[in-house]
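Trainee: Each residue of the sequence shown is one higher than the one before, counting from 386 in the numbering used here. The structure is given below, and queries will be raised subsequently.
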Amino acid sequence: MDWAYLFEIALTGIAGGGLYALAALAFVLVYKATRVVNIAIGEMLMVGAYLFFAFATTMALPVWLAVLGAVLGTGLLGAVVERTMIRPLMGEPPISVFMVTVGLASILVGLVEIIWTADQRRLPEFFPTAPVMVGEAFLAPKVAYGSLAAVVLIALVLLLFRFWRGGVALRATASDQGAATMMGIHVPRVFSLAWVASAMIAAVAGIVVGAIGGISSSMGVFGLSVLVVVIVGGLDSVLGALVGGLLIGLIEALAGAFLGGEYKLLATFIVLVVVLMIRPYGLFGTHEIERL
């Protein structure tokens, strides 16, 4: 056993898992506050990446301004989706809202292909290119700095929702909507906040994922792995999103290295089935979660 090679593969998997955790956090944020399973999270991630591409390449804006524009633009998309598609369905069966998000995913893919075509594109290089070494292990610079950006953003989001007034309102609404309303919290406004914050987080994840592997209209497939992450971790658990992301990233890296790239998705779904057989509500999810 080449332990140095194994360590390098594991390190790459954990770094990639940080991106899964970031996107999973965006998913959990909406589900925890509104109990909506947003199947279009991968497509919202894609929209953020394409907006960054438009601002940075087409409009030739500085990278920091392009990132800001993409994040704000995707946040606006989240607000529009919540106000026009989700809020009118409050009180309806969960499957109705779920199908709306399925339709939203198809709409976003169609819009991206109409505007930018289905061709794969490269984002401008903005990460440092110097090799990153951890001991004797080499880590691709884009993966290393991308995962670092993910860790910083995750920490920032957790701090905001721990100490910021809006974050406190969101956590209160997630715990008990009735009690939150009685305490004077405007629950629909909190729902909108959750969708906006989720879309903005997804945009950052999309920019980082796009910087590593390019962007295309099929980027939404990344959302399939994110869905596995949140189900394994627990649909309503922030901790589950973080742990699940790292776990799935590690398993994908090991499966790809020792079995072949075509087995990566198979390995993650095997883990998903095993976890659900043992803990149907996920590793850290609450027992009361409803499954679709």
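The beta carbon of each residue, even a glycine, is placed where N, CA and C say it ideally should be.
Quick one: Cα of V623 to Cα of A408, how far?
Mentor: Your numbering for residue 623 matches position 238 in the sequence shown. Your numbering for residue 408 matches position 23 in the sequence shown. Near 11 Å, if we compare the C-alpha coordinates of A408 and V623.
Trainee: Kindly indicate the opening and closing residues of the alpha helix (DSSP H) around V519.
Mentor: In the sequence shown, residue 519 corresponds to position 134, counting from 1. Element bounds for V519: not the alpha helix (DSSP H) but the beta strand (DSSP E), 517 to 519.
Trainee: R506 bridges to which residues according to DSSP?
Mentor: The count along the sequence shown starts at 1 and reaches residue 506 at position 121. Paired residues: I600.
Trainee: Evaluate the contact criterion for the region 418 to 437 versus the region 641 to 660: three or more CB pairs, one atom per stretch, below 8 Å.
Mentor: As far as the Cβ criterion goes, the region 418 to 437 does not touch the region 641 to 660, which means the pair count is below three.
Trainee: Indicate whether at least one CB of chain C lies closer than 8 Å to the CB of E467.
Mentor: Judged by its chain identifiers, the structure shown contains no chain C, having just a single protein chain.
Trainee: Which full runs of the beta strand (DSSP E) of 3+ residues lie inside the region 393 to 449, going along the chain?
Mentor: Entirely contained in the region 393 to 449, not one beta strand (DSSP E) run reaches 3 residues.
Trainee: In three-state DSSP terms, what is L344?
Mentor: Past the edges of the chain, shown from 386 to 677, lies residue 344, and the structure says nothing about it.
Trainee: Can S532 and A400 be called in contact, C-beta distance under 8 Å?
Mentor: Here residue 532 corresponds to residue number 147 of the sequence shown, with the count starting at 1. Here residue 400 corresponds to residue number 15 of the sequence shown, with the count starting at 1. Yes, they are a contact pair.
Trainee: Measure the C-alpha to C-alpha separation of R420 and G630 and round it to an integer number of angstroms.
Mentor: Stepping through the sequence shown from its first residue, residue 420 is reached at position 35. Stepping through the sequence shown from its first residue, residue 630 is reached at position 245. So the two alpha carbons sit approximately 20 Å from each other.
Trainee: Classify R556 as helix, strand or coil using the three-state DSSP reduction.
Mentor: The count along the sequence shown starts at 1 and reaches residue 556 at position 171. Helix at R556.
Trainee: Check each candidate in G645, G598, L632, A579 and name the one with the smallest Cα separation from I471.
Mentor: Counting from 1 along the sequence shown, the entry for residue 471 is found at position 86. The candidate whose alpha carbon is nearest that of I471 is A579.
Trainee: Measure from the alpha carbon of V482 to the alpha carbon of each residue in R468, G551, V494, then state which is nearest.
Mentor: On the sequence shown, residue 482 is found 97 positions in, with the first residue counted as 1. The shortest C-alpha separation from V482 is found at R468.
Trainee: Could you tell me the alpha carbon to alpha carbon distance between I492 and D387, rounded to whole angstroms?
Mentor: Taking the sequence shown and counting its residues from 1, the one referred to as residue 492 is at position 107. Taking the sequence shown and counting its residues from 1, the one referred to as residue 387 is at position 2. Computed Cα separation, rounded: 47 Å.
Trainee: Quick check: the Cα distance between M604 and V528, rounded to an integer number of angstroms?
Mentor: Locating residue 604 in the sequence shown gives position 219, where the first residue counts as 1. Locating residue 528 in the sequence shown gives position 143, where the first residue counts as 1. About 17 Å.
Trainee: Please report the straight-line C-alpha distance between A464 and F392, rounded to a whole angstrom.
Mentor: Here residue 464 refers to the residue found at position 79 of the sequence shown. Here residue 392 refers to the residue found at position 7 of the sequence shown. Their backbone Cα atoms lie some 42 Å apart in a straight line.
Trainee: For A596 and I499, I'd like the C-alpha separation in whole angstroms.
Mentor: In the sequence shown, the residue the question calls residue 596 occupies position 211. In the sequence shown, the residue the question calls residue 499 occupies position 114. When rounded, the distance between both Cα atoms is 22 Å.
Trainee: In three-state terms, what does DSSP make of T336?
Mentor: For residue 336 there is no data in the structure shown, the boundaries of the chain being 386 and 677.
Trainee: According to the Cβ coordinates, are V497 and V589 closer than 8 Å?
Mentor: Numbered from its first residue, the sequence shown carries residue 497 at position 112. Numbered from its first residue, the sequence shown carries residue 589 at position 204. It is not a contact, given that the beta carbons lie outside the stated cut-off.
Trainee: Assuming A395 contacts A582 under a Cβ cut-off of 8 Å, what Cβ separation, rounded to an integer in Å, is found between them?
Mentor: Residue 395 sits at position 10 when you count from the first residue of the sequence shown. Residue 582 sits at position 197 when you count from the first residue of the sequence shown. Contact doesn't hold; Cβ gap of about 31 Å is too wide.
Trainee: If contacts are defined as beta-carbon pairs under 8 Å, then L489 and A425 qualify, I think. What distance do you get, rounded to the angstrom?
Mentor: Working through the sequence shown from its first residue, we reach residue 489 at position 104. Working through the sequence shown from its first residue, we reach residue 425 at position 40. About 4 Å; that satisfies the 8 Å criterion.
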